[in-house]
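**Student:**
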Amino acid sequence: MITLEYYPVCAYNDIRIFRSIIKFLGIGAAPMKQSAISKSIIERYLSYRVEHQREYFLHPPYMMEKQLLNAVKEGRVEAAESVLKTINTLERAKLAEEPIRSLRNSLICICTLFTRAAIEAGVPPETAFNISDAHILEIERLKTQEKLFELEYSMLRNFTEAVQQARKQENRYSHAIHMAVAYIHENILQVITLESLAKHVYLNPSYLSHLFKKETGVSVTDYINKKRIEESIYFLLHTNITISEIALLFHFCNQSYYTSLFKKYMGLTPKEFREQNQH
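With the numbering used here applied, the sequence shown corresponds to residues 364 to 642, in that order.
(1) Helix or strand or just coil, what does DSSP make of Ala442?
(2) Under a Cβ-count criterion, where at least 16 other Cβ atoms within 10 Å of its own Cβ denotes burial, should His498 be classed as buried or exposed?
(3) Can you look up Ser537 in the DSSP assignment and give me helix, strand or coil?
(4) So, do the region 555 to 568 and the region 512 to 528 have three or more beta carbon pairs nearer to each other than 8 Å?
(5) Exposed or buried, what is Ile609 when buried is set at 16 or more other beta-carbons lying within 10 Å of its beta-carbon?
(6) Classify Phe522 as buried or exposed, calling it buried when 16 or more other Cβ atoms lie within 10 Å of its own Cβ.
(7) Determine the contact status of Lys590 and Ile540, defining contact as a CB-CB distance below 8 Å.
(8) Please report the straight-line C-alpha distance between Ala545 and Pro487, rounded to a whole angstrom.
(9) Suppose you measure from the CA of Lys627 to the CA of Leu466; what does that come to, to the nearest Å?
(10) Mind checking whether Thr436 and Ala491 have CB atoms under 8 Å apart?
(11) Could you compute how far the alpha carbon of Glu635 sits from the alpha carbon of Asn493?
(12) Along the chain, where does the alpha helix (DSSP H) that runs through Ala491 open and close?
(13) Find the nearest neighbour of Tyr425 within the set His548, Met542, Gly438, Val446, judged by alpha-carbon distance.
(14) Using 8 Å as the limit for Cβ to Cβ distance, is Ala561 near chain D?
(15) Taking the alpha carbon of Ser623 as the reference point, which residue from Asn640, Ile592, Leu600, His538 has its own alpha carbon closest?
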C-alpha cells in the first residue's frame, strides 16, 4: 500500500489576504519578478503553514465572509454587525508575532474587503478609498486591542452607511444626473468643465446645467466646489502638505479662493479647521 505524504492546502482566500498585507506593509516594494516572489515570500508563507498549521492560519469560513460582504453591499448595518460578531467569536488568525501587529494586519485586510464591497455597491471610488485611508491611519495609531476592536465595528458602520447614502442618491436622481455625479466624484482631482461633463452624459451643456440644478438644488460649479472642499479635508487632517498646495491639487485658482470657499461650506478657514481637528 502506498502512503501519500500530506501537505496542508493553501486556500485562495489565504493568498489574497497575505497579498493585501504585503501591499499595505510595503513588503517587497522594490520591483520583483513573479518567479522571484514565488520562490521567496510565497514559499516562506507555505512553510509557515506547514509548521504552524493551526496557530497561524485560522480564517473565517468563506461563506460567512461572503455573508458579511453582502450585508455591506446591501447597506444592512445591523445584519453586517451580527455577522461580524459571529466571526469574532472564532479564533482570529495570527498574522504577526506581536499580537497588536497581528490584529492591525487583520483589520487592514478587512478594511480592504469593505472598500471593494462598497465600490461594487455604488460608492464612488474616491469616497471609498478616503474612508479606507482614514481607517488604516487610525488602525496604525491605536495602541490597544480594545480600541482596535471598537474601530472594527465603527469601520463596518461607516462603509455600510456610505452604501446607504449612495443608494439614496441613486434613487433620487435621474440616470443622467447620477452619471454626472459619479463622474464628478471619480474625477474630483481633475479639471472638470460643464462641457466635459455634458459630453460624458450625452447631453447638451445648457440642458445638463438646467437639469442638474433642478435635481440637486445647486449648480454644477457649486456642486463641484463643495465636493472638492469636502475631499480636501482628508489632506488637511492626514498630510503635512501646505494649504496652498492643497488648493492647487484641487484646481482652485489660488489659496485665497480656496480659503473663502472652505469657510463658506465649513464655517472655518482651512488653517483653523486643521488646528482644531488634528490630534
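Each residue gets a CB set at the ideal place from its N, CA and C atoms; glycine is no exception. Just so we're clear, the structure is a prediction, and the values are computed from it rather than from any experiment.
**Tutor:** In short:
(1) In the three-state reduction of the DSSP assignment, Ala442 falls in the helix class.
(2) Buried: at least 16 other Cβ atoms inside 10 Å.
(3) coil
(4) Touching, no, given that fewer than three Cβ pairs across the two stretches are closer than 8 Å.
(5) buried
(6) By the neighbour-count rule (16 or more Cβ atoms within 10 Å), Phe522 is buried.
(7) no
(8) 6 Å
(9) Rounded to whole angstroms, Lys627 to Leu466 spans 41 Å at the Cα level.
(10) Before going further, note that residue 436 is Lys rather than Thr in the sequence given. No, the pair does not count as a contact, with Cβ atoms beyond the cut-off.
(11) 21 Å
(12) 488 to 504
(13) Val446
(14) Given the protein chain composition of this structure (a single chain), no chain D is represented.
(15) Ile592
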